[in-house]
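Down below is the structure, laid out as structure tokens.
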Amino acid sequence: MAFRRVAVRITTLSFFVLVLRRLVQTLWVASVDISNAFPSVHRASLWLKLKRFGAGGKIFDWLRTLYYNMKYQVCHGGTVSHKFTSAMGILAGDTVSPLLWLLYFSDFKIPESDDDVVLNDAHVSHLEQADDLLLISLSQEGLQRKLEIFYCWCCSEFMIVNALKCAIAYHGNKPRNFQTFHIGDDIINIVMEYTYVGMTFRGGPINLESFHLIFKPHYEQKAAKARKIAHATLHVEQMIGSLPPADGKTLYTALVDPHLTYGCEVALDTGATLSQLLQKVQSDFLRRLLGFSKRSTLVPLYTETGLSPVLYRRMELAIRYLAYALQRPTNSLVYCAVMESINLHIEGEQSWFTDLLKIIEKNIPESADLAVPSLDDFMDSEKVIEFHACILKVLPMYIEEWLQA
Numbered sequence: 001m002a003f004r005r006v007a008v009r010i011t012t013l014s015f016f017v018l019v020l021r022r023l024v025q026t027l028w029v030a031s032v033d034i035s036n037a038f039p040s041v042h043r044a045s046l047w048l049k050l051k052r053f054g055a056g057g058k059i060f061d062w063l064r065t066l067y068y069n070m071k072y073q074v075c076h077g078g079t080v081s082h083k084f085t086s087a088m089g090i091l092a093g094d095t096v097s098p099l100l101w102l103l104y105f106s107d108f109k110i111p112e113s114d115d116d117v118v119l120n121d122a123h124v125s126h127l128e129q130a131d132d133l134l135l136i137s138l139s140q141e142g143l144q145r146k147l148e149i150f151y152c153w154c155c156s157e158f159m160i161v162n163a164l165k166c167a168i169a170y171h172g173n174k175p176r177n178f179q180t181f182h183i184g185d186d187i188i189n190i191v192m193e194y195t196y197v198g199m200t201f202r203g204g205p206i207n208l209e210s211f212h213l214i215f216k217p218h219y220e221q222k223a224a225k226a227r228k229i230a231h232a233t234l235h236v237e238q239m240i241g242s243l244p245p246a247d248g249k250t251l252y253t254a255l256v257d258p259h260l261t262y263g264c265e266v267a268l269d270t271g272a273t274l275s276q277l278l279q280k281v282q283s284d285f286l287r288r289l290l291g292f293s294k295r296s297t298l299v300p301l302y303t304e305t306g307l308s309p310v311l312y313r314r315m316e317l318a319i320r321y322l323a324y325a326l327q328r329p330t331n332s333l334v335y336c337a338v339m340e341s342i343n344l345h346i347e348g349e350q351s352w353f354t355d356l357l358k359i360i361e362k363n364i365p366e367s368a369d370l371a372v373p374s375l376d377d378f379m380d381s382e383k384v385i386e387f388h389a390c391i392l393k394v395l396p397m398y399i400e401e402w403l404q405a
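Per full-length UniProt numbering, the sequence shown starts with residue 1, numbered consecutively.
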């Protein structure tokens, strides 16, 4: 289940980044937050909406019975309150709660307008990941209109917007005049950095040459978190003695690698300075684990552990994700975004697909009998899966060329 949640996050995130990559106008973004979204769900309205969707049967009756008979107690210090019931809220942390929330939120609609982003003939006005919501527009006026629609929906559904956690950002040309954005009576500030589904973006003016800099906060934060966890992992040697490399490799894969690769399907490594932040965390951890000096060569770190260099691993994960996106339904947002990126590349424009080709050409070993697939092959998910398998097979050649260099 955890892997499915990560895949959904990356799917939503990748669509957003591909939107940025095709910009010819300024993109305005509003990250909005609902206070205690799950506990604020009005259950009577939820059951009514589910009925309208045609829900029924034993599972539906079981869910209603579960919440109807549920009782609560408040414990503070040594004092416990009397049991009480509540007509509001769904359980946070329950596996079915995100689905219930999506169904509850599904009647939030924003009419199509000229301010929407259009990819592959698909109008997009907002992105949703559970209760993490992003409103997008190509104009300040359009974004304010969408904020008002969102505020009206929250009022009708007994939700409270947390204006302190909401933020406005833009990507593209700096406007001459900034509009004052508000939700209800609360003014929302314009910020230069914001976070969506675990990834921090830098706002403000951008161009194709410095596009990778919108990911700079993400690289810095993930490198810092990975280094902190790496230090904590290696600190167990103070309690158990020397950490066997096999066990250290397992801990690295489980604890450090997820931070070094998070968002790699989206943030392609086209900026050398940012990529080095991740490389250094990996090399420092493996040197310490194997007992090498701080200036030892890098090749033995991978020949002795069997791990992939972090940039090579991020590349193969991006290729695997391309195959996944091509297998999605043709009306899904991520498929539309990927196809738009490929079409931009065909037209000679810079895009996510262009960057992917660049890092593939950069990392394929010269000694390997492996050619970059044609454009037609890259649009065939089966051919992409075959190419991904070949990329994994030629990793030893990549490391051998590194050694010779």
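Ideal Cβ placement from N, Cα and C applies to all residues, glycine included. Since this is a predicted model, take the numbers as computed values, not measurements.
To the nearest angstrom, how far is it from the Cα of residue i to the Cα of residue j?
i, j, result
"I399", "S308", "9 Å"
"Q327", "F378", "12 Å"
"I188", "L333", "28 Å"
"S293", "F387", "37 Å"
"R101", "S81", "Looking at the sequence provided, one finds Trp at residue 101 rather than Arg. For W101 and S81, the distance between alpha carbons rounds to 29 Å."
"H171", "S125", "16 Å"
"L289", "G306", "13 Å"
"Y196", "H42", "26 Å"
"L356", "L344", "13 Å"
"S367", "D107", "56 Å"
"E141", "Q179", "8 Å"
"E347", "L119", "15 Å"
"M192", "E128", "21 Å"
"G263", "S45", "36 Å"
"K358", "D94", "42 Å"
"P396", "Y302", "9 Å"
Could you say which of the options lies nearest to residue i if we only look at CA atoms?
i, options, result
"W352", "A55, R314 and L268", "L268"
"D116", "L134, R64, N36 and H388", "L134"
"I90", "A37, E340 and H126", "A37"
"S97", "Y67, K83 and V124", "Y67"
"C166", "F211, S40 and S35", "S35"
"P130", "Q144, K146, F105 and N120", "For the record, residue 130 in the displayed sequence is Ala; it is not Pro. Closest by alpha carbon: F105."
"V266", "F84, T303 and I319", "I319"
"V372", "I360, S31, G271 and D380", "I360"
For residue i, which three-state DSSP category applies?
i, result
"A389", "helix"
"D131", "coil"
"Y312", "helix"
"F60", "helix"
"I90", "coil"
"S125", "coil"
"S31", "strand"
"I346", "helix"
"S139", "coil"
"L119", "strand"
"T354", "helix"
"V372", "coil"
"L79", "Here residue 79 is Thr; the residue named in the question, Leu, does not match the sequence. T79 falls in the strand class under three-state DSSP."
"V161", "strand"
"F84", "strand"
For residue i, which residues from the same chain have a beta carbon less than 8 Å from its beta carbon, with the 5 sequence-adjacent residues on both sides left out?
i, result
"V256", "A226, I229, A230, T233, V281, Q282 and F285"
With a CB to CB cut of under 6 Å and the five nearest residues on each side skipped, what residues in its chain are close to residue i?
i, result
"H259", "K222, K225 and A226"
"L403", "V299"
"G338", "Correcting the residue type first, residue 338 is Val in the shown sequence and not Gly. Excluding sequence neighbours, V338 sits near A325."
"L99", "none"
"P39", "G89"
Can you name, in chain order, every residue of its own chain whose Cβ lies under 7 Å from the Cβ of residue i, other than the five neighbours on each side?
i, result
"E112", "H123"
"R64", "W47"
Write down every uninterrupted run of the beta strand (DSSP E) in the region 167-211 whose length is 3 residues or greater and which is fully enclosed by it, in chain order.
-> 167-171, 181-183, 186-188, 193-196 and 199-202
Identify every run of the alpha helix (DSSP H) within the region 236-299, keeping only runs that are complete inside it and at least 4 residues long; order them along the chain.
-> 237-240, 245-251, 257-261 and 272-290
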